[in-house]
Amino acid sequence: MSVPVAVFASGSGTNLQALLDHEPSSGRYRIALVVADRSEAGALERARRAGRSAEVVPVSGRPPERVARDTLELLEEEGIRVVLLAGYLRLLPPALVRTFPRRMLNIHPALLPSFGGKGMYGRHIHEAVLESGARVTGVTIHCVDEEYDRGRILAQWPVPVRAGDTPETLGARVLRVEHLLYPRAADHLCRAVEEGREPAPFQPPGRAFGVLEEDTGELLEKQIEAAFSTG
Ligand code: GRF
Numbered sequence: 007m008s009v010p011v012a013v014f015a016s017g018s019g020t021n022l023q024a025l026l027d028h029e030p031s032s033g034r035y036r037i038a039l040v041v042a043d044r045s046e047a048g049a050l051e052r053a054r055r056a057g058r059s060a061e062v063v064p065v066s067g068r069p070p071e072r073v074a075r076d077t078l079e080l081l082e083e084e085g086i087r088v089v090l091l092a093g094y095l096r097l098l099p100p101a102l103v104r105t106f107p108r109r110m111l112n113i114h115p116a117l118l119p120s121f122g123g124k125g126m127y128g129r130h131i132h133e134a135v136l137e138s139g140a141r142v143t144g145v146t147i148h149c150v151d152e153e154y155d156r157g158r159i160l161a162q163w164p165v166p167v168r169a170g171d172t173p174e175t176l177g178a179r180v181l182r183v184e185h186l187l188y189p190r191a192a193d194h195l196c197r198a199v200e201e202g203r204e205p206a207p208f209q210p211p212g213r214a215f216g217v218l219e220e221d222t223g224e225l226l227e228k229q230i231e232a233a234f235s236t237g
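Taking this note's numbering, the leading residue of the sequence shown gets 7, the next gets one more, and so forth.
Take a look at the structure:
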């Protein structure tokens, strides 16, 4: 049985695409609905191309209760049990967050709790990482609560910062890991939801930091898969 999932996005939706691409081999989840806060979001087009429902729920200038009501209606219609935020830039109304306790995830392109919070999105994050002199950044997948980037962490994976990196080169390296990590974290959560339990804690193995230096795509994919296989 696959868990009906909704993906929320504001941007181009490459993480949505990674989730869609992984879906057939996963079998754990089925993306039944994509929600965007604006009609220009590239994620909507990706959803339609894949034959999924794609809906816009405008947020700007509307009371949070209205946004929550409209969104919940859509989620109920599709029987959604898990929500995945993938580049959704709005704070979700409390009523919505409360409906999906521990069943709503967000992906953040840094190692939270560092480089998170209001205003920390897109290029700003990678600029801040480079300015700080950190040698390691990464990807965080966490449960969503009523504040930006604060909920319980489900999974993290390190990414090296290299000499000469720009926000663009660093962002691209992080994004590649996002595309590998999010679908597997979604599997991990959906399996737990299906079995009526909390997902097991996830930790990248110590050797993940060794692989950082090699940075070869295939090896990374195998590492990430192996790390989740124990959950
Ligand atoms: C990703 O970096 C994600 O971590 C962040 O927003 C970005 C969305 O990118 N929350 P995309 O739209 O999935 O390409």
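Beta carbons are placed, not taken as given, at the ideal position from N, Cα and C, and that holds for glycine.
Do the CB positions of residue i and residue j come within less than 8 Å of each other?
i    : j    : result
P99  : P70  : yes
Q162 : T146 : yes
S66  : L39  : no
I113 : V11  : no
F14  : L80  : no
D155 : L118 : yes
E184 : P115 : yes
C196 : V88  : yes
L95  : S16  : yes
P205 : A198 : yes
L186 : I159 : no
A214 : P164 : yes
A178 : Y35  : no
V135 : L181 : no
V73  : D151 : no
Go to residue i, then tell me how far its beta strand (DSSP E) extends in each direction, as first and last residue.
i    : result
R36  : 35-42
T175 : Note, T175: premise wrong, no beta strand (DSSP E); alpha helix (DSSP H) at 173-200.
Can you say whether residue i is buried or exposed, counting buried as having 16 or more other CB atoms within 10 angstroms of its CB?
i    : result
T172 : exposed
M7   : exposed
P107 : exposed
L22  : buried
L26  : buried
S138 : exposed
S45  : exposed
G170 : exposed
G57  : exposed
E83  : exposed
L50  : buried
R52  : buried
R168 : exposed
According to DSSP, residue i sits in a beta bridge with which residue or residues?
i    : result
S59  : L39
T146 : H114, Q162
F14  : V41, L91
V9   : Y35
Can you determine whether any heavy atom of ligand 1 sits closer than 7 Å to the C-beta of residue i, and answer yes or no?
i    : result
T20  : yes
A15  : yes
E184 : yes
A92  : yes
L117 : no
I230 : no
H28  : no
L2   : In this structure the chain extends from 7 to 237, so residue 2 is not present and cannot be described.
I159 : no
H114 : yes
L181 : yes
Would you mind reading off the limits of the alpha helix (DSSP H) that contains residue i?
i    : result
S66  : Note, S66: premise wrong, no alpha helix (DSSP H); not H, not E.
I131 : 129-138
L102 : 100-105
Taking only heavy atoms of ligand 2 into account, decide whether any of them is closer than 7 Å to the Cβ of residue i.
i   : result
L25 : The model depicted lacks ligand 2 and carries ligand 1 instead.
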